[in-house]
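Here's the structure we're looking at; comments come further down.
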Amino acid sequence: MMSSVLFPGGQGNLMGPGNDTQISEFLLLGFSERPELQPVIFGLFLSMYLITVLGNLLIILVVSSASHLHTPMYFFLANLSFVDICFTSTTVPKMLWNIQTQSKVITYEDCITQMNFFIIFSGLDIYLLAVMAYDRFVAICHPLHYMVIMNPRLCGRLVLVSWVTSVLHSLLQTSMVLRLSFCTGMEIPHFFCELNQMIQLACSDTFLNNLVMYFAAMLLAGGPLAGILYSYSKIVSTIIRISSAKGKYKAFSTCASHLLVVSLFFCTSLGVYLSSAATQSSQSSAVASAMYTVVTPMVNPFIYSLRNKDLNLALKRIIGVLLM
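Note that numbering that gives the first Met the number 0 has the sequence shown beginning at 0, numbered continuously upward.
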C-alpha cells in the first residue's frame, strides 16, 4: 500500500495544469502475481543475466586481445556486445531486486532513468545491426575496396553517429514523458518502465507523445531496417552471381551469423507489439518483451562464436588461458 502521492499547491511538484497530482512511485507488476512462481522467475532471469554478461564480456575480451580480429566486423561486434550488456542491465537487475525484496516499487525518478537508458541501448542495438549489415554489404559486394571504404575513421564515425542519434532520441522521448501527469493507475503491467506503458498511464493529454513516439519509431527503426533489407538484397544478388558452390558458401558464411541475429532481434521486437495489440494480458506482453530484452542479448555471443571459425578458435584459446 503506497501513500506517496504529491499534492499540488503544497508539497511536491505540480506536473500539469488544473488539479492534476503527480505520483512519486510506480508498481512494476512483473510476470506473475503468484508467490510460488517468484523463486523460479528469479532463478531463471538471474541465470540468463549472468550468461548474457559473461558471454558478451568474453566476446569483448577476445576481440580486444586477438590481433587478427582487429577488423571492422569484429570492432562492431565488440560494440554490440557492450551495448547488449548495458541493454539487459537496465531492466533485469531491478526486477531481480524487487523479487528478492518482495517489493514491486520503483520511484518516479528511477522509472524515468530506466526508460531513458532503455531507449538509448535499444536504439543502439538497431543502429549497430544496420551498421554491421553495411559492413557485410561492402565486404561481399566490394571486396577489393573493403579496407579502403571501411577504414578506422569511418568505423569510429558510424559508431559515434549511432550513439549521438540514440541519445538525442532518448532525450526527446524522456522530455516528452516528463511533461505528463500521472495521477492515477500507479501499476505498470510490465517488468520495467517501457515508454508506451508510461504514456498509457498518464492522465494528461498524450496525443503529442503518441505522435512523436510513432513517428520516431518509423523513422529511427524503419530507416535502419530498410538499410538492412537493402544491404542483404544486394548481398543475395551478388552471391547468386558467384559461379562456384564453394564461393557461394564462403560468401554466405561471412554474414550468416549477423543475418540470424538481425532476424531474431526484429522478429522478437515485432512479436512484442503484435502480442500487445492482440491481447490485453500484461503477462503475455511482459513475456514477449523478455524475448528481445533478455533472450536475444544472451544468445548473440553463442550465435557469433559457434558460426565464426576465427572467433571460435580465439575464444577457446582465451578460455584455456583463463582456466590455467
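Glycine included, each C-beta is placed from N, C-alpha and C at the ideal position.
These numbers were taken from a predicted model, which means no experiment stands behind them.
Anticipated Cβ contact below 8 Å, residue i with residue j, distance rounded
i: Ile-118; j: Gln-172; result: 6 Å
i: Ile-22; j: Cys-192; result: Rounded, the Cβ-Cβ distance is 13 Å, inconsistent with contact.
i: Met-47; j: Met-297; result: 5 Å
i: Leu-177; j: Ile-111; result: 7 Å
i: Tyr-41; j: Leu-95; result: Looking at the sequence shown, residue 41 is not Tyr but Phe. That belief holds up - the Cβ atoms of Phe-41 and Leu-95 are roughly 6 Å apart, short of 8 Å.
i: Val-260; j: Ile-234; result: In fact, because the Cβ distance is near 15 Å, the residues do not count as touching under 8 Å.
i: Thr-87; j: Phe-116; result: Not quite, the Cβ-Cβ distance comes to about 11 Å (not below 8 Å), so this is no contact.
i: Cys-154; j: Phe-74; result: 6 Å
Cβ-based neighbour list, residue i, same chain, cut-off 6 Å, excluding 5 preceding and 5 following
i: Val-158; result: Asn-78
i: Leu-179; result: Ala-201 and Ser-203
i: Leu-314; result: Val-61 and Ser-304
i: Ala-285; result: Phe-30, His-189 and Phe-190
i: Arg-316; result: none
i: Pro-373; result: The question about residue 373 has no answer here: the residues shown for the chain are numbered 0 through 323.
i: Met-175; result: Asn-208 and Val-211
i: Lys-247; result: Ile-238 and Ile-241
i: Ile-187; result: Phe-25, Leu-27 and Gln-196
i: Ala-132; result: Ile-227 and Ser-230
i: Met-185; result: Ile-22, Phe-25 and Leu-26
i: Val-104; result: Glu-24
i: Gln-37; result: Ile-98
Residues bridged to residue i (per DSSP)
i: Ile-105; result: Phe-25
i: Ile-187; result: Leu-27
Same chain, Cβ closer than 8 Å to residue i, five either side skipped, listed in chain order
i: Phe-81; result: Asn-55 and Ile-59
i: Gln-10; result: Caution applies to Gln-10, whose pLDDT of 36 falls short of 50 and renders its modelled position unreliable; the value that the coordinates give is listed next. Contacts found: none.
i: Ile-148; result: Val-137 and His-141
i: Thr-267; result: Ala-287, Met-290, Tyr-291, Val-294 and Thr-295
i: Val-166; result: Ile-119
i: Thr-164; result: Gly-122, Tyr-126 and Leu-219
i: Lys-330; result: Residue 330 lies beyond the stretch modelled for the chain, which goes from 0 to 323, so this question has no answer here.
i: Arg-152; result: none
Cβ shell of residue i (< 7 Å), same chain only, five flanking positions each side left out
i: Thr-253; result: Arg-135, Ala-138 and Ile-139
i: Leu-218; result: none
i: Phe-264; result: Asp-124, Leu-128, Tyr-291 and Thr-295
i: His-168; result: Ile-118, Gly-122, Ala-215 and Leu-219
i: Ile-50; result: Met-297
i: Ile-318; result: none
i: Leu-85; result: As written in the sequence, residue 85 is Cys, which differs from the Leu given in the question. Taken in chain order, the residues that qualify are Phe-120.
i: Thr-106; result: Ser-23 and Glu-24
i: Leu-45; result: Leu-95
i: Ser-161; result: Leu-123, Tyr-126, Leu-127 and Val-130
i: Pro-71; result: Asp-134, Met-149 and Cys-154
Does the region 306-315 touch the region 67-74, meaning 3 or more C-beta pairs lie closer than 8 Å? yes
Whole alpha helix (DSSP H) runs in the region 104-160 with 4 or more residues, listed along the chain? 107-140 and 145-148
Unbroken stretches of the alpha helix (DSSP H), 4 residues or longer, contained in the region 20-95: 37-64 and 71-88
Evaluate the contact criterion for the region 131-143 versus the region 92-107: three or more CB pairs, one atom per stretch, below 8 Å. no
Below 8 Å, how does it come out for the region 216-224 and the region 121-133: are there three or more Cβ pairs, yes or no? yes
Which ranges would you report for the alpha helix (DSSP H) in the region 163-235 if only whole runs of at least 4 residues count? 194-200 and 206-215
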